[in-house]
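Numbering (the numbering used here), first residue to last: 160 to 492.
Glycine included, each C-beta is placed from N, C-alpha and C at the ideal position.
Working notes, beginning with the structure itself.
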Amino acid sequence: MSGLIEELREITQIPGISGYEEKVRKKLIEWVKPFADYKVDEIGNLIVELGEGEEKLLFMAHIDEIGLLITGITKDGKLKFRKIGGIDDRLLLGRHVDVITEGGKLDGVIGVTPVHLNLQRKFETIPWHALEIDIGAESKEEALELGVKPLDYAVFKKHFGVLNNKFVSTRSLDDRFGAVALFEAIKDLVDHDLSGKVIFAFTVQEEIGLKGAKFLASRYNPKYAVAVDSFACCSFLTGDVKLGGGAVIRAVDNSAIYTRALARQVWDIAEKNEIPIQIGVTGGGTDASVFQHKSEVLALSVPIRYLHSEAEMLHLTDLEALIKLIEAMAFEL
């Protein structure tokens, strides 16, 4: 389990919003290269193919994260931005961020008016377009001298926490845990004979409309297409699914009602191999939904508490169960 923690620590701390995934992809190539051949397609998906013959099974995990795209610099040196991906405006105020430039990284903060000076005592959520990132520059010229420019980006400053030796909490578990799961499966499957081709894709630009997966759908025709992505948990909407209960079959979300027969097959595979398994309904969408016109589709997950926040949390035994399930599916579907 310590190995999983260190892999999660390493991959989650790398910045990479949608369209800017190159640092994350570079690290994954370092991981994969000793074990398997790989390729990078025109849009930036990292792809590993194991086995030969017909395209049986495609697993996808996206490597982009939500964040902020710098759109301009004010006269007094503050950075204007727009949100990339689904970010709750309530999470922006008073946050430390890393501003990622071509030359490196700058510290920044999204400030808040002190309560002492809030004479109207109004505490409504301030919309993102009214906020700015302060990098300590006092003019536009000084900000430019620091190396920042429009179309650079920022991510929430990341803290990696291990809670009670059971949970990991950090920003960008969505969907870097999925990347770890695919990598672990590749390591375990690379020396085994597989009945057909199993494809592992680390996809880009998922958070802004499943762009990497749509590109894959124009190139691949697998019998089964499976997204390995987060299961937003837990509320009355998600039923009995809980952290620590095992991997999750994400049967329905806002993008798809996934193939019911495939869900039943995967449930049976999990039970046969004594892998803890749960099934549920959540919100959001996944890469698998773009394959519905050509493949049987499913989303596999672990429950994530506090999704799309700085404190995303998963249970480590759920991730272990997910890895085992991916490997069992590669053999048994």
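Can you give me the C-alpha to C-alpha distance between residue i and residue j, rounded to a whole angstrom?
{"i": "L550", "j": "L205", "result": "Because the chain is modelled from 160 through 492, residue 550 falls outside the range shown and cannot be assessed."}
{"i": "I408", "j": "R378", "result": "26 Å"}
{"i": "H351", "j": "D399", "result": "36 Å"}
{"i": "G367", "j": "G244", "result": "The sequence shown places Ile at residue 367, not Gly. Each residue's alpha carbon lies about 6 Å from the other."}
{"i": "E341", "j": "D427", "result": "Correcting the residue identity first, residue 341 is Leu in this sequence and not Glu. So the alpha carbons of these two residues sit roughly 21 Å apart."}
{"i": "A376", "j": "L421", "result": "19 Å"}
{"i": "G203", "j": "K281", "result": "45 Å"}
{"i": "L322", "j": "K234", "result": "43 Å"}
{"i": "A493", "j": "K185", "result": "Nothing about residue 493 can be read from this structure; the chain reaches only from 160 to 492."}
{"i": "S161", "j": "L475", "result": "10 Å"}
{"i": "Q424", "j": "N432", "result": "12 Å"}
{"i": "S394", "j": "E297", "result": "45 Å"}
{"i": "I463", "j": "G355", "result": "32 Å"}
{"i": "H467", "j": "E224", "result": "9 Å"}
{"i": "K453", "j": "V307", "result": "44 Å"}
Which same chain residues, not among the five before or five after residue i, have their C-beta less than 7 Å away from its C-beta?
{"i": "T418", "result": "E455, V456 and L457"}
{"i": "F336", "result": "L167, V461, L473 and L478"}
{"i": "T230", "result": "K239, F240, R241 and P309"}
Assuming residue i and residue j form a contact by the criterion Cβ under 8 Å, report the distance between their Cβ atoms to the nearest whole angstrom.
{"i": "T441", "j": "A391", "result": "5 Å"}
{"i": "G226", "j": "Y312", "result": "6 Å"}
{"i": "L563", "j": "P381", "result": "Lying outside 160 to 492, the shown extent of the chain, residue 563 is not represented and no answer is given."}
{"i": "L238", "j": "I294", "result": "6 Å"}
{"i": "E471", "j": "D333", "result": "6 Å"}
{"i": "L348", "j": "A447", "result": "Not a contact, Cβ separation roughly 20 Å."}
{"i": "A344", "j": "I482", "result": "6 Å"}
{"i": "E301", "j": "G403", "result": "That belief does not hold up - the Cβ atoms of E301 and G403 are roughly 50 Å apart, past 8 Å."}
Which residue comes first and which comes last in the alpha helix (DSSP H) that contains residue i?
{"i": "V191", "result": "E181 to V191"}
{"i": "S161", "result": "S161 to T171"}
{"i": "L341", "result": "L332 to L348"}
{"i": "R254", "result": "From DSSP, R254 is part of no alpha helix (DSSP H); its letter is neither H nor E."}
{"i": "G385", "result": "Gly is not the amino acid found at residue 385; the sequence shown has Val there. Taken as a continuous stretch (DSSP letters only), V385 belongs to no alpha helix (DSSP H), being part of the beta strand (DSSP E) at Y383 to V387."}
{"i": "A372", "result": "K370 to A376"}
Looking at the unbroken beta strand (DSSP E) that takes in residue i, where does it start and where does it end?
{"i": "S460", "result": "E455 to S460"}
{"i": "G320", "result": "G320 to L322"}
{"i": "E214", "result": "E214 to H221"}
{"i": "T476", "result": "Taken as a continuous stretch (DSSP letters only), T476 belongs to no beta strand (DSSP E), being part of the alpha helix (DSSP H) at L475 to E491."}
{"i": "E208", "result": "L205 to L209"}
{"i": "I243", "result": "L238 to I243"}
Can you find the residues in the same chain that come closer than 6 Å, C-beta to C-beta, to residue i, ignoring five residues on each side of it along the sequence?
{"i": "K182", "result": "I173 and G175"}
{"i": "A480", "result": "G405, A406, I434 and P435"}
{"i": "V199", "result": "L205"}
{"i": "I358", "result": "E208 and L217"}
{"i": "F319", "result": "R168 and T329"}
{"i": "K264", "result": "D257"}
With a threshold of 7 Å, establish whether the CB of residue i neighbours any heavy atom of the ligand GTP.
{"i": "R378", "result": "This structure simply doesn't include the ligand GTP, nor any ligand for that matter."}
Taking only beta-carbon positions, decide if residue i is within less than 8 Å of chain B.
{"i": "V385", "result": "Going by chain labels, chain B is absent from the structure shown, which holds only one protein chain."}
Skipping 5 residues on each side, what residues in its chain have a beta carbon closer than 8 Å to that of residue i?
{"i": "K346", "result": "F194"}
May I ask you to verify whether the region 314-324 touches the region 249-265, counting CB pairs closer than 8 Å and requiring at least 3?
Enough Cβ pairs lie closer than 8 Å, so yes.
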